[in-house]
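Colleague: Mapped onto UniProt numbering, the consecutive letters of the sequence shown carry residue numbers 1 to 115.
Here a beta-carbon is modelled for each residue, glycine too, at the ideal position from N, C-alpha and C.
A single structure is presented below for examination.
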Amino acid sequence: MSADAGLIDWVAEALAPLGTVTKRRMMGGAVLYLDGVVFAIVDDETLWFKADAESAALWDAAGCAYFTYMRDGTPQTMNYRCAPDDVYDDADAMREWAAPAIAAGRRAPRKAKRA
């Protein structure tokens with residue numbers, strides 16, 4: 001997994017009216033945060049929005065596939081959905097589709113910080 005820096009910059013630019021986008025490396029890709037809330041990951045040139053049970057129907061209706069990867073020869077699924085094509089060149093679409101991902105990030109339980 002690697003992260004497209006141009007895509008990350010575009011996400012930050014498109015979501016600037018909503019807050020500050022920051023990133024953290026993850027296995028060669030990047031986890032994206034909006035004001036400290038995880039809402040997406042970037043793998044190569046693909047943006048994956050955070051999802052949960054509450055937002056699943058929305059992502060299913062749009063045909064957004066789950067993020068999958070291989071672990072010990074077995075496919076694993078994470079609760080992130082592939083961003084619709086229009087987010088890559090339309091700031092309004094980016095904000096529209098990021099909204100349920102941000103909401104899912106806010107609903108997610110917080111992990112305890114390591115001591």
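Would the stretch 26-34 count as touching the stretch 51-62 if we require 3 or more Cβ pairs under 8 angstroms?
Modeller: Touching, no.
Colleague: Over the uninterrupted alpha helix (DSSP H) stretch that includes Pro100, give me the two end residues.
Modeller: Walking along the sequence shown from the start, residue 100 turns up at place 100. Ala91 to Arg107 is the extent of the alpha helix (DSSP H) around Pro100.
Colleague: Give the DSSP-derived three-state secondary structure of Asp44 in the structure shown.
Modeller: Your numbering for residue 44 matches position 44 in the sequence shown. DSSP places Asp44 in strand when its eight states are reduced to three.
Colleague: Residue 133 and Gly28 look like a contact to me (Cβ under 8 angstroms); what is the Cβ gap, rounded to whole Å?
Modeller: The displayed coordinates of the chain run from 1 to 115. Any statement about residue 133 would go beyond what the structure contains.
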